[in-house]
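If you're matching positions, the sequence shown starts at 365 in the working numbering and goes up one per residue. Since the structure comes first, as structure tokens, the remarks are kept for the end.
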Amino acid sequence: MRRKMVAGNWKMNGNLSENKQLLNSVVASLDGLQGVEFLVCVPYLYLPSVQDVLQNTNIAWGAQNVSQYEKGPYTGEISASMLNDFECRYVIVGHSERRALFGEDSHTVAEKYQAAQRAGITPILCVGESLEQREAGTTEQVIEDQLAAVIKLAGIESLVNAIIAYEPVWAIGTGRSASPEQAQDIHSFIREGIEKRNVNIANDLTILYGGSVKASNASELFDMPDIDGGLIGGASLVAIDFVGICRALHQ
């Protein structure tokens, strides 16, 4: 069964005081809402404090990245088993910023995806095209290649325990958003591609949209038949905005 989800990605933002204020407001506003899963993915340092605030609420927490390695001489890296110490249920892998700014290729992303699953953590696999790729007409090929790397390494069955997030890179943090129809076209393409490999997995697969989602455009996006929720960046840092997006999906 496809899950409905709104996941916040704080990126490299926040501090202890601001985080607590933000979370307390979000928790109070979303208390009792059912049928939608809520999640925040936070910087590693804040996992313990976020866990303290969100324990016993209807909001889950996760990380924004994970190492593909379990342990060893990898200075500065964080393993999936370490995330388990803080009861992380989710982790983002393959975010466009990781691919573009830190040189993570699709094979590395697939290894991180697999490492998360081995630890019992659900990966949120990000895929998406740049503006240049869209204008060149290669959007579908780019996304197919990104998905194929994961399927080759981890198998199609691994998608039973995964979430996909489509993020058009040109719409992340730019204020531009794909139109509902543009987003739906790619979500449908993703689902149809999985369907060719396994119909049941495709039918149950949760696919989120990420890219300048706001309370003002969330309802139109979420009304599309293959969009199951959102991966939210900047708007997840403002309680009233994040709650508005969550309520748009709940309705």
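Think of the CB as a built atom: it goes at the ideal place given N, C-alpha and C, for glycine as much as any other residue.
Suppose you measure from the CA of residue i to the CA of residue j; what does that come to, to the nearest Å?
i	j	result
residue 586	residue 613	6 Å
residue 395	residue 421	7 Å
residue 550	residue 590	9 Å
residue 493	residue 446	31 Å
residue 499	residue 606	31 Å
residue 611	residue 437	44 Å
residue 430	residue 546	30 Å
residue 521	residue 491	18 Å
residue 417	residue 470	34 Å
residue 566	residue 555	6 Å
Go ahead and pull the three-state DSSP assignment for residue i.
i	result
residue 542	coil
residue 450	coil
residue 433	coil
residue 458	coil
residue 571	strand
residue 412	helix
residue 371	strand
residue 595	strand
residue 565	helix
My assumption, with CB atoms under 8 Å, is that residue i sits in contact with residue j. Please give the rounded CB distance.
i	j	result
residue 532	residue 584	So it is not a contact: roughly 16 Å between Cβ atoms.
residue 452	residue 423	Not quite, the Cβ-Cβ distance comes to about 13 Å (not below 8 Å), so this is no contact.
residue 514	residue 489	6 Å
residue 403	residue 454	6 Å
Please go through the same chain and pick out, in chain order, the residues whose beta-carbon is closer than 8 Å to the beta-carbon of residue i, but skip the five residues on each side of it.
i	result
residue 412	450
Go through its chain and collect everything with a Cβ distance to residue i's Cβ below 6 Å, but skip five positions before and after it.
i	result
residue 379	none
residue 381	none
residue 574	529, 531, 595
For residue i, count neighbouring C-beta atoms within 10 Å of its own C-beta (all shown protein chains included) and say buried if the count is 16 or more, exposed if not.
i	result
residue 337	Residue numbering for the chain in the displayed model covers 365 to 615; residue 337 lies beyond these limits and cannot be assessed.
residue 459	buried
residue 604	exposed
residue 387	buried
residue 482	exposed
residue 365	exposed
residue 376	exposed
With a threshold of 7 Å on Cβ separation, who are the neighbours of residue i within its own chain once the five nearest residues in sequence on each side are excluded?
i	result
residue 435	443
residue 534	494, 495, 498, 540
residue 472	432
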